[in-house]
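Undergrad: Adding 10 to a residue's 1-based position in the sequence shown gives its number in our numbering.
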Amino acid sequence: MKCQHCEKPATFHITELTGPGGPHVLHVCEDHARQYLSPDSSQPGTSALAGVLSSQQKVEQSAEQIASTDQKACPVCGITFAEFRNIGRLGCPYDYVHFQTDLEPLLINIHGSREHHGKKPSKLLGSPDRQHRLLQLRREMKEAVEKELYERATEIRDEIRRLEQNEAGE
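What follows is the structure, encoded as structure tokens:
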């Protein structure tokens, strides 16, 4: 989709609820989004909401920064940030840790907070760091068995059990 004001690709899609006339949808490029969202803009349609959005959105982020963020990949599941943006779902719980700095502005924009307030699953699986460590250990144990390093596999198995018992005890 192209920008409504020029021929560049539209990278910002802004919907303003303006009243009885229905929502006002705007598809603009980065430059026009910066103009539209700047609090001192004299264009019609600029609201207090635009000032809030401009502070939450990092409009000044260059295309290079966005491209480098899109190339980040989770070491556990391998999903890239670009895949997350296209699909809308993360690949594993560790993604919240790995993409934390990139997800925080998005979570604040959507939920109004970085922290969860509400119901939690009855069977809590532990922190993403602990889950990541367990996955690593299970991979190492599998490799040790394949290489017939049974003593090392036993040590890893015992460490996995300790982690799981600590998790159950908490």
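Backbone N, C-alpha and C define an ideal beta-carbon position, used for all residues, glycine too.
Computed from a predicted model, the values in this text were never measured in an experiment.
I want to know whether the stretch 136-143 touches the stretch 93-111 - three or more CB-CB distances under 8 Å.
TA: Touching, yes.
Undergrad: What separation, rounded to the nearest whole angstrom, lies between the Cα atoms of Arg-167 and Glu-156?
TA: Looking up residue 167 in the sequence shown gives position 157. Looking up residue 156 in the sequence shown gives position 146. Those two C-alpha atoms are separated by around 14 Å.
Undergrad: What number of angstroms, rounded off, separates the C-alpha of Pro-19 from the C-alpha of Tyr-46?
TA: Position 9 of the sequence shown holds residue 19. Position 36 of the sequence shown holds residue 46. Each residue's alpha carbon lies about 16 Å from the other.
Undergrad: Measure from the alpha carbon of Phe-22 to the alpha carbon of each residue in His-126, Arg-44, Arg-171, then state which is nearest.
TA: As a working mapping, residue 22 is identified with position 12 in the sequence shown. Taking only the C-alpha atoms, the option nearest Phe-22 is Arg-44.
Undergrad: Could you work out which residue in Leu-116, Glu-153, Ala-83 is closest to Tyr-104 when comparing CA atoms only?
TA: Taking the sequence shown and counting its residues from 1, the one referred to as residue 104 is at position 94. It is Ala-83 whose Cα lies nearest to the Cα of Tyr-104.
Undergrad: Classify Glu-125 as buried or exposed, calling it buried when 16 or more other Cβ atoms lie within 10 Å of its own Cβ.
TA: Counted from its first residue, the sequence shown places residue 125 at position 115. Exposed.
Undergrad: Tell me, which residues are paired with Pro-19 by DSSP?
TA: The residue you call residue 19 lines up with position 9 of the sequence shown. Answer is Lys-12.
Undergrad: Which partner residues does Thr-90 have in the DSSP bridge list?
TA: Locating residue 90 in the sequence shown gives position 80, where the first residue counts as 1. DSSP, once it has assigned bridges, lists Ala-83 as partnering Thr-90.
Undergrad: Select from Gln-175, Glu-174, Lys-152 the residue whose C-alpha is nearest the C-alpha of Thr-164.
TA: Translated into positions along the sequence shown, residue 164 becomes position 154. Answer by Cα proximity: Lys-152.
Undergrad: How many angstroms separate the CA atom of Arg-162 from the CA atom of Ala-154?
TA: Residue 162 sits at position 152 when you count from the first residue of the sequence shown. Residue 154 sits at position 144 when you count from the first residue of the sequence shown. If I take the Cα positions, the gap works out to 6 Å.
Undergrad: Do Ile-118 and Leu-100 have their C-beta atoms within less than 8 Å of each other?
TA: The count along the sequence shown starts at 1 and reaches residue 118 at position 108. The count along the sequence shown starts at 1 and reaches residue 100 at position 90. In this structure, Leu-100 does not lie closer than 8 Å to Ile-118 by Cβ.
Undergrad: Taking Cβ positions only, does Ala-77 come closer than 8 Å to chain D?
TA: Here there is only one protein chain, and chain D is not present.
Undergrad: So what does DSSP say about Pro-30, is it helix, strand or coil?
TA: One-based indexing of the sequence shown puts residue 30 at position 20. Three-state DSSP puts Pro-30 in coil, outside helix and strand.
Undergrad: Assign His-108 to one of three DSSP states: helix, strand, or coil.
TA: Position 98 of the sequence shown, counting from 1, holds the residue named residue 108. Correct three-state label for His-108: helix.
Undergrad: In the DSSP assignment, the alpha helix (DSSP H) including Arg-44 goes from what residue to what residue?
TA: The residue given as residue 44 occupies position 34 in the sequence shown. Segment 40-47, the alpha helix (DSSP H) holding Arg-44.
Undergrad: In the structure shown, what three-state DSSP assignment does Leu-100 receive?
TA: Taking the sequence shown and counting its residues from 1, the one referred to as residue 100 is at position 90. In the structure shown, Leu-100 sits in coil (DSSP, three-state: anything other than H, G, I, E or B).
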